[in-house]
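Numbering of the sequence shown is given in the numbering used here, commencing with residue 2 and proceeding in unit increments.
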Amino acid sequence: MDYKKHIAEKIKIEGATEQEIYDLLALPPNTEMGDYALPCFKFAKIFRKSPAMIAEELKNTIATDEVISEVSAVNGYLNFKIDKNGFVSETLDKILTQKEAYGASNEGNGKTVCIDYSSINIAKPFHIGHLSTTVLGGALYRIFNYLGYKTVGINHLGDYGTQFGKLISAFKRWGNKEEIEAGGIRALNELYVRFHKEAEEHPEYDDEARAYFKKIEQGDEECQALFRWFKELTLKDVQKIYELLDIQFDSYAGESFFSDKMSPIVEELKEKGLLTESRGAQVVDLEAYGMPPCMILKSDGSSLYATRDMAAATYRKKEYDFYKCLYVVAYQQNLHFKQFFKVLELMGKEWSKDLVHVAYGMVSLEEGTMSTRKGNVVFLEDVINKCIEKAYTIIDEKNPNLEDKEEVAKKVGVGAVIFGALYNNKIKDIVFSYDKVLNFDGETSVYVQYTCARANSVLQKGGVPSAYEIPALTGEEIELVKTLATFPETVKSAAEKYEPSLIARFAVDVAQKFNKFYFDCKILAAEDEKTKNFRLALTNATLQALKNAFALLGIGIPDKM
Ligand code: ARG
């Protein structure tokens with residue numbers, strides 16, 4: 002049972018929804034006051050009454066029941082005390098019987114969510130800027146799955162445009178098959194960079210590149226083969242990173258897949274009178290909506306990013322009949338998404354309301370941690386490997402006799418990169434710092450992992466009890482259980498708000514409360530058998546909840562550290 006929900010249902014305030022009340026209900030700083038508290042300040046303006054009066058009046062409308070043992074009004078807060086024993090045993094039983102399904106639900110049954118994430122560009126570096134879309138998308142994929150939705154992970158490859166003509170031109174002029182095979186994306190990127198440099202002095206190279214791109218489009222055997230090869234090399238290269246980050250996709254249908262699926266869209270736009278000409282190009286005017294025009298066709302008749310996205314959205318609706326289609330893409334592309342969502346709406350596609358741009362902030366590297374001078378890109382692979390190395394050094398120092406140090410370092414290092422990108426509200430810009438993400442005492446994944454290792458070691462020594470009874474409870478125990486009990490709602494909110502950070506914060510919160518419990522209450526040396534058993538059960542439930550949370554984020558938990 003969700004006690005917070007039970008309380009929220011009982012509070013009736015005109016003009017406030019149950020959800021709003023639910024969100025307002027907080028855990029008071031000390032349990033003496035109550036277990037949940039509703040701050041009434043928010044309503045003072047609406048009702049033109051003091052918060053204290055509002056709290057007092059509300060108090061008189063709420064009767065105690067089998068869950069709520071006491072209601073009081075103190076300093077503008079409406080405080081609730083709940084029957085602790087019932088609450089604690091119910092929460093622990095739920096976690097310990099549902100195990101890896103604790104927090105899961107079937108609310109999404111029968112509904113499909115498409116998630117467009119990572120969506121890398123062929124032959125371009127997979128750099129630190131792709132970290133957020135990849136791990137946010139991966140987490141949302143798991144979260145929606147956990148809530149019973151069918152999820153479709155889509156890597157909308159950037160595999161269309163004159164840059165592939167440039168690559169062919171560069172490869173034919175300077176390329177060497179073996180070197181490129183061995184060098185992968187880095188080698189392809191070097192070719193591309195060299196092309197740009199040399200084309201400054203040889204503008205004819207650009208014409209050649211355009212011609213090659215046309216050939217790809219027209220189905221020229223040789224050019225298509227080269228293009229496919231660039232694609233294979235890129236995907237093979239990034240697969241290493243996807244494996245490390247535990248990321249999967251159900252579709253790699255990218256921009257080129259849609260390059261021949263756009264004429265129906267263009268036709269429909271024409272029919273509906275939405276296209277206008279602007280300097281030879283075909284556009285949809287969006288001035289009435291405060292946006293610049295959305296470009297549909299260039300003057301030479303070739304398509305644009307937005308057109309391909311409109312074709313892709315239409316295709317996804319037909320293919321998957323999605324309930325929602327998410328685009329996990331940096332906020333720099335806000336306008337692009339607003340524009341083509343609007344154009345689809347103007348075309349009368351009622352499902353355009355189900356397209357969601359899940360925007361996120363920028364990730365940059367702390368100054369001095371890696372050379373970004375001369376505009377060098379920072380490859381994500383290098384960041385991950387460096388984090389694993391650093392994790393190894395720390396672990397080796399702390400626990401030189403640990404078995405499987407390499408495996409542990411991998412889980413810690415990769416986890417730190419993922420968690421570093423997921424811990425903050427997604428729209429915030431973040432500066433990635435190795436020291437910060439690997440701080441054992443910070444709000445970090447390694448702190449949570451270390452807490453799990455601690456819990457594991459306690460359980461190894463004390464054993465997992467098959468049954469337990471509730472002893473006289475301490476404040477630390479109750480606080481911990483209260484936090485554990487919020488997990489199902491946390492998962493739901495994370496999905497509703499497209500905000501995996503809520504789950505990351507839950508994990509840190511649980512770990513902090515567990516550590517407080519661990520230091521203040523003796524587990525193995527508890528005063529009696531009943532208390533010891535209960536504490537072991539609580540430790541076990543904590544470990545389970547942390548495992549579930551981290552599984553949703555895609556982070557592994559070592560048994561020992
Ligand atoms: N490849 C694009 C980029 O790197 C992101 C694509 C996002 N997805 C989409 N359907 N537009 O900027």
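Here a beta-carbon is modelled for each residue, glycine too, at the ideal position from N, C-alpha and C.
Neighbour-count burial assignment, residue i, 16 or more Cβ in a 10 Å radius
| i | result |
| --- | --- |
| valine 432 | exposed |
| phenylalanine 520 | exposed |
| proline 30 | exposed |
| leucine 93 | buried |
| threonine 98 | exposed |
| lysine 13 | exposed |
| glutamate 256 | buried |
| glutamine 340 | buried |
| threonine 62 | exposed |
| serine 51 | exposed |
| isoleucine 47 | exposed |
| threonine 445 | buried |
| arginine 309 | buried |
| aspartate 560 | exposed |
| aspartate 430 | exposed |
| glutamate 201 | exposed |
| threonine 277 | exposed |
| proline 167 | Looking at the sequence shown, residue 167 is not proline but lysine. It is buried - the Cβ of lysine 167 has at least 16 other Cβ atoms within 10 Å. |
| histidine 157 | buried |
| valine 72 | buried |
| histidine 203 | exposed |
| asparagine 107 | exposed |
| aspartate 383 | exposed |
Cβ-Cβ distance between residue i and residue j below 8 Å
| i | j | result |
| --- | --- | --- |
| leucine 525 | lysine 437 | no |
| leucine 460 | alanine 542 | no |
| proline 294 | leucine 305 | no |
| tyrosine 332 | isoleucine 428 | yes |
| aspartate 36 | lysine 82 | yes |
| tyrosine 213 | cysteine 224 | yes |
| alanine 17 | tyrosine 78 | no |
| leucine 132 | leucine 381 | yes |
| aspartate 355 | threonine 113 | no |
| tyrosine 103 | glutamine 545 | yes |
| tyrosine 150 | glycine 87 | no |
| methionine 292 | leucine 345 | no |
Backbone secondary structure at residue i - three-state DSSP
| i | result |
| --- | --- |
| asparagine 80 | strand |
| histidine 337 | helix |
| phenylalanine 323 | coil |
| leucine 485 | helix |
| proline 204 | helix |
| histidine 197 | helix |
| proline 52 | helix |
| threonine 475 | coil |
| aspartate 160 | coil |
| phenylalanine 380 | strand |
| glycine 130 | helix |
| threonine 98 | helix |
| cysteine 522 | coil |
| asparagine 549 | helix |
| leucine 141 | helix |
| lysine 151 | strand |
| alanine 171 | helix |
| tyrosine 37 | strand |
| asparagine 122 | strand |
| isoleucine 389 | helix |
| glutamate 367 | coil |
- Message: Quick check: the segment 132 to 152 against the segment 413 to 422, are at least 3 beta-carbon pairs closer than 8 Å?
- Response: yes
- Message: Tell me whether the segment 525 to 539 and the segment 175 to 189 touch, counting them as touching only if at least three CB pairs, one residue from each stretch, are closer than 8 Å.
- Response: no
- Count the CB pairs spanning the segment 320 to 328 and the segment 116 to 123 that are closer than 8 Å, and state whether there are at least three. yes
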